[in-house]
Each structure stands twice: as C-alpha cells, then as structure tokens.
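Visitor: For the sequence shown, numbering that gives the first Met the number 0 begins at 0 and goes up steadily by one.
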Amino acid sequence: MTTTTTLTRPELTAADRCDRCGAAAQVRAVLSSGGELLFCGHHARAHETRLRELEAELQKG
C-alpha cells in the first residue's frame, strides 16, 4: 500500500510580507521547484505573466 501525503501551505497572515517591497502579502506563488514567493497585489499583477510561464501555482490569500 502506498500513502501519498499532500502538503498544504498555511494561509497568509498579516505578518506575511511581499518579497519585493515589504507590503502585506496577498498572493503566494508556489514554484514547480517547491519554492515560494510572496507578493502584494501590485507585484503579483506585475509578475503574473512570467509566473504563469514558469507554471507557478498562484494562491490568493
């Protein structure tokens, strides 16, 4: 029997900050490599096209 575990990431909180400018994070970009980036709304929109090209999963908090 094989067991598969799915890791879930915690919800964004007021303590989570944008990796670009330090504003409150509203979007988590989970990269296919397993890493993640946090963005405010402005920077999430600014980088959305490239993140989608990289097949990042965008999670809105």
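Using N, Cα and C, we set each Cβ at its ideal position, and we do this for glycine too.
Fair warning: this is a prediction, and the values are worked out from it, not measured in the lab.
Using C-beta distances below 8 Å, list every residue in its chain close to Thr7, excluding the 5 sequence neighbours before and after it, in chain order.
Guide: Looking up residue 7 in the sequence shown gives position 8. Counting only residues of its own chain and dropping the five nearest sequence neighbours on each side, Thr7 has no CB closer than 8 Å to any other CB.
Visitor: Roughly how many whole angstroms lie between the Cα atoms of Ser134 and Arg16?
Guide: Any question about residue 134 goes unanswered here, given that the chain covers just 0 to 60.
Visitor: Assuming Leu50 is part of the alpha helix (DSSP H), what are its boundary residues?
Guide: Against the sequence shown, residue 50 aligns to sequence position 51. Segment 40-52, the alpha helix (DSSP H) holding Leu50.
Visitor: For Gln25, name the three-state secondary structure that DSSP assigns.
Guide: Here the question's residue 25 lines up with position 26 in the sequence shown. Note: Gln25 maps to coil in three-state DSSP.
Visitor: His41 CB to nearest chain D CB: under 7 Å?
Guide: You won't find chain D in this structure, because it holds only one protein chain.
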